[in-house]
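Chains as they are written, first to last, in the working numbering: chain C, 9 to 318; chain R, 9 to 318.
Even for Gly, the Cβ is constructed at its ideal location relative to N, Cα and C.
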């Protein structure tokens, strides 16, 4: 939904509000965002969230708290970054931190878990009348033919057959949704990476699977029915289809953001090269540094958008 | 894998060990259970877990900690139930508590999240040489034609087309696995429920979906494309196929346990009747009491199996 507004210099511009695709929502007397432990009657959502311009999501609660503290310092905001309050403290399903115009939320692992969070997040942004919001998924992934520690900005989020689509079941029927992401944001992120040290970054396709072991061709799960040769053949096919990393949430993230007119980008660091193995054996402190890379990249993007750096 | 052993009375009986279906696992020098922050070289898994006979899993970390404290009291074990240590404290993906022969683990929301946990749990039980283990999923669910607060012991875990199967993608190909659960354990649980007060319990089919909103026919998500009539028609079809509740993990739980010769049961309480609505509006304290019902039922089952009650 687009409305004409005015910026500080008095120029007209188009404000993009968050567009829920549900004709019933605005007829409801109350909307309980159950998995956030928030609601339209119990919370003043426009007051709490109206100023949000950037939403950063990631699987791990600890990591998304660390990101909230990091962006608090980066934006030089008043108050103590160590004392940020979890807005979803009434539930243990997700955690959520607000830092100025930035919202940092955890989403757990896998498509179903992030999909619940996205439904409730998009409703929250809608109820709060937020405008011009950009969403980022900051994640970890397995690399395909890349050195561990490489950041992949997703060009296309693809499924197990390397197609840019997401299958959604609605009342027992399977439909297919496009997983196109915002090209402009991806290009801006690549530009940001070139301005930073120690942030090897590539644009590539990201394969989204529904499990970590068999679906990703790992031979170290409780169940494995294929040979090393078959595994490498599949990874090679993925590589030839432009896949540079594998994770578990990108297709539904892309599909839902696209349906609701939200600009979105997926930025994942690779923890290992899947051509080299399955197990994550990298020392803990190195993994911690890798996981900060998407955060550093997105923080730089946000600071540029806010005009804090040139 | 079955081996002949002797019980305390000197009688021969068949011990059922945990059967991984992966020929490569025992050739690995080390197995890092990454999402548990445990490993075969860093931890003595037989010492830590060898005595486990019952594994109880559920979505919420808070709930599974509460269950661990509850079963500690129920089994009258020494030590302070308030001071149980999270065995997975090195990660925030899952939490895990050991209480005598009982392991209580959280698995997050959705098939992918529980599937990662199950791969690593089954490997853990295998490495620890556990025998005769029974698994329980203790969850919450939407009811189909049942009063809220009813406990459903799953007869068949079915997919969105009401079939008792789980679709697994392996190297880009979709295969189908059976989701049969243990009939004996389900019948024993029903018997337990008849011995307890205030535990309305039924045997019924459980539908497992991959999201909470569109896949379950909810009209209160960020996206909804169907009418109230179409929704009720789908729920009615589900009811006629024997579905009594809807949740998000049962099919993969059943399929993986079955593949690895683990007896398993799914016990979920219904928080609402989906014929009556979509939103969970029940007061918090009532929801808390509902969520204790599967715990009370499984605790009774465990105490009977351990010979603590007749």
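Residue 260 of chain R in three-state terms, based on DSSP:
Translated into the one-based positions of the second chain, residue 260 of chain R becomes position 252. Correct three-state label for residue 260 of chain R: helix.
Let me see if you follow: with CB-CB separation under 7 Å, is residue 84 of chain C close to chain R or not?
For the purposes of this step, residue 84 of chain C is taken as the residue at position 76 of the first chain. Cβ-Cβ to chain R under 7 Å: no for residue 84 of chain C.
Please check if any C-beta of chain R sits within less than 7 Å of the C-beta of residue 258 of chain C.
Taking the first chain and counting its residues from 1, one reaches residue 258 of chain C at position 250. Put simply, the CB of residue 258 of chain C is far from chain R, with every gap to its CB atoms at 7 Å or more.
6 Å CB neighbourhood of residue 77 of chain C in its chain, flanking five on each side removed
For the purposes of this step, residue 77 of chain C is identified with residue 69 of the first chain, where counting begins at 1. These residues qualify, in order along the chain: 89.
Beta carbon of residue 277 of chain R nearer than 7 Å to that of residue 148 of chain R
Sequence index remark: in the second chain, residue 277 of chain R carries index 269 (1-based). Sequence index remark: in the second chain, residue 148 of chain R carries index 140 (1-based). Cβ atoms of residue 277 of chain R and residue 148 of chain R: closer than 7 Å.
So is residue 218 of chain R in contact with chain C if we call contact Cβ pairs under 7 Å?
On the second chain, position 210 is the one that residue 218 of chain R refers to. Yes, its Cβ sits closer than 7 Å to a Cβ of chain C.
With the cut-off set at 7 Å, would you say residue 227 of chain C and residue 286 of chain C are in Cβ contact?
If you number the first chain from 1, residue 227 of chain C lands on position 219. If you number the first chain from 1, residue 286 of chain C lands on position 278. The answer is yes: Cβ separation under 7 Å.
Partner residues on chain C for residue 105 of chain R, Cβ-Cβ distance less than 9 Å:
Start at 1 with the first residue of the second chain, and residue 105 of chain R comes out as number 97. Here the premise fails: no neighbours, minimum Cβ distance about 15 Å.
Residues from the segment 51-70 of chain C in contact with chain R, defined by Cβ distance under 9 Å
Residues 67, 68, 69, 70.
Please report whether the beta-carbon of residue 308 of chain C lies at a distance below 7 Å from any beta-carbon of chain R.
Residue mapping note: residue 308 of chain C aligns to position 300 of the first chain, counting from 1. At a cut-off of 7 Å between beta-carbon atoms, residue 308 of chain C makes no contact with chain R.
Check whether the Cβ atoms of residue 266 of chain R and residue 191 of chain R lie closer than 7 Å to each other.
Taking the first residue of the second chain as position 1, residue 266 of chain R is located at position 258. Taking the first residue of the second chain as position 1, residue 191 of chain R is located at position 183. No, these two residues do not count as a Cβ contact at 7 Å.
Counted within 10 angstroms of its Cβ, other Cβ atoms place residue 217 of chain R as buried (16 or more) or exposed
As a working note, residue 217 of chain R is residue 209 in the second chain. Label assigned to residue 217 of chain R: buried.
Validate contact between the segment 132-141 of chain C and the segment 112-121 of chain C using beta carbons, cut 8 Å, 3 pairs
Two segments are said to touch when three or more pairs of C-beta atoms, one from each, lie closer than 8 Å; by this definition the segment 132-141 of chain C does not touch the segment 112-121 of chain C.
Against chain R, does residue 247 of chain C count as a neighbour if the rule is that its beta carbon must be under 7 Å from one of theirs?
One-based indexing of the first chain puts residue 247 of chain C at position 239. No, residue 247 of chain C does not count as interfacial toward chain R.
Return the chain-ordered list of same chain residues with a C-beta closer than 6 Å to the C-beta of residue 82 of chain R, the five sequence neighbours on each side being excluded.
To locate residue 82 of chain R, count along the second chain from 1; it is residue 74. Cβ neighbours of residue 82 of chain R beyond the five flanking positions: 307.
Would you kindly check if the distance between the Cβ of residue 317 of chain R and the Cβ of residue 146 of chain R is under 7 Å?
Taking the second chain and counting its residues from 1, one reaches residue 146 of chain R at position 138. Taking the second chain and counting its residues from 1, one reaches residue 317 of chain R at position 309. Residue 317 of chain R sits away from residue 146 of chain R, with the two beta carbons spaced by 7 Å or more.
Taking 7 Å as the limit between beta carbons, can you name the residues of its chain near residue 124 of chain C, skipping five residues before and five after?
Position 116 of the first chain, counted from the start, is the residue given in the question as residue 124 of chain C. So the list reads 43, once near-sequence residues are dropped.
From residue 17 of chain C to residue 314 of chain C, what distance separates their C-alpha atoms?
As a position in the first chain, residue 17 of chain C is number 9, starting the count at 1. As a position in the first chain, residue 314 of chain C is number 306, starting the count at 1. Residue placement at residue 17 of chain C cannot be trusted, given a pLDDT of 49 that sits under 50; the coordinates are not used to answer.
Buried or exposed: where does residue 98 of chain C fall if 16 or more other Cβ atoms within 10 Å of its Cβ makes it buried?
Taking the first residue of the first chain as position 1, residue 98 of chain C is located at position 90. So residue 98 of chain C counts as exposed.
Cβ-Cβ distance between residue 160 of chain R and residue 210 of chain R below 7 Å:
Counting from one through the second chain, the residue named residue 160 of chain R turns up at place 152. Counting from one through the second chain, the residue named residue 210 of chain R turns up at place 202. It is a contact, given that the beta carbons lie within the stated cut-off.
Within 8 Å, do at least three Cβ pairs link the segment 174-186 of chain C to the segment 297-307 of chain C?
With the cut-off at 8 Å, the segment 297-307 of chain C and the segment 174-186 of chain C do not touch.
Spatial distance of residue 24 of chain C from residue 109 of chain C (CA atoms)
As a working note, residue 24 of chain C is residue 16 in the first chain. As a working note, residue 109 of chain C is residue 101 in the first chain. If you take the alpha carbons of residue 24 of chain C and residue 109 of chain C, they lie about 16 Å apart.
Complete runs of the beta strand (DSSP E) confined to the segment 193-219 of chain R [at least 3 residues]
Taking only runs of at least 3 residues, the beta strand (DSSP E) segments lying wholly in the segment 193-219 of chain R are 209-216.
What ranges does the alpha helix (DSSP H) occupy inside the segment 37-78 of chain R, keeping only unbroken runs of at least 4 residues that lie completely in it?
Listed in chain order, the complete alpha helix (DSSP H) runs (minimum 4 residues) inside the segment 37-78 of chain R are 53-57.
Using only CA atoms, which one of C/84, C/107, C/251 lies nearest to residue 92 of chain C?
Taking the first residue of the first chain as 1, we reach residue 92 of chain C at position 84. Nearest C-alpha to residue 92 of chain C: C/107.
Can you give the Cα-Cα distance for residue 291 of chain C and residue 32 of chain C, rounded to whole angstroms?
By one-based count along the first chain, residue 291 of chain C stands at place 283. By one-based count along the first chain, residue 32 of chain C stands at place 24. A direct Cα-Cα distance of roughly 50 Å separates residue 291 of chain C from residue 32 of chain C.
For residue 35 of chain C, does the three-state DSSP call read helix, strand or coil?
Here residue 35 of chain C corresponds to residue number 27 of the first chain, with the count starting at 1. Shown here, residue 35 of chain C sits in a helix according to DSSP, grouped into three states.
Tell me which same chain residues have a C-beta within less than 6 Å of the C-beta of residue 264 of chain C, skipping the five on either side of it?
As a working note, residue 264 of chain C is residue 256 in the first chain. 126, listed in sequence order.
Rounded Cβ spacing between residue 168 of chain R and residue 215 of chain R (contact assumed at less than 8 Å)
Here residue 168 of chain R refers to the residue found at position 160 of the second chain. Here residue 215 of chain R refers to the residue found at position 207 of the second chain. Taking C-beta atoms under 8 Å as the contact rule, residue 168 of chain R and residue 215 of chain R qualify, at a distance of about 7 Å.
Tell me whether residue 273 of chain C sits in a helix, a strand or coil according to DSSP, three-state version.
As a working mapping, residue 273 of chain C is identified with position 265 in the first chain. In the structure shown, residue 273 of chain C sits in a strand (DSSP, three-state: E or B).
Restricting to Cα atoms, I'd like to know which of C/279, C/141, C/235 is closest to residue 60 of chain C.
As a position in the first chain, residue 60 of chain C is number 52, starting the count at 1. Taking each of C/279, C/141, C/235 in turn and checking the Cα distance to residue 60 of chain C, the smallest one comes out for C/141.
Where does residue 239 of chain R land, buried or exposed, given buried means 16+ other C-beta within 10 angstroms?
The sequence position of residue 239 of chain R within the second chain is 231, counting from 1. Around the beta-carbon of residue 239 of chain R, 16 or more other beta-carbon atoms lie within 10 Å, marking it buried.
Give every residue of the same chain whose Cβ lies closer than 8 Å to the Cβ of residue 200 of chain C, excluding the five residues on either side of it in the sequence, and list them in chain order.
For this step, residue 200 of chain C is matched to residue 192 along the first chain. The answer, listed in chain order, is 305, 308, 309, 312.
Cβ of residue 158 of chain R within 7 Å of Cβ of residue 208 of chain R?
As a position in the second chain, residue 158 of chain R is number 150, starting the count at 1. As a position in the second chain, residue 208 of chain R is number 200, starting the count at 1. In contact: residue 158 of chain R and residue 208 of chain R (Cβ atoms closer than 7 Å).
I'd like to know if residue 100 of chain R contacts chain C, where contact means its C-beta is closer than 7 Å to some C-beta of that chain.
Position 92 of the second chain, counted from the start, is the residue given in the question as residue 100 of chain R. It does; some Cβ of chain C falls within 7 Å.
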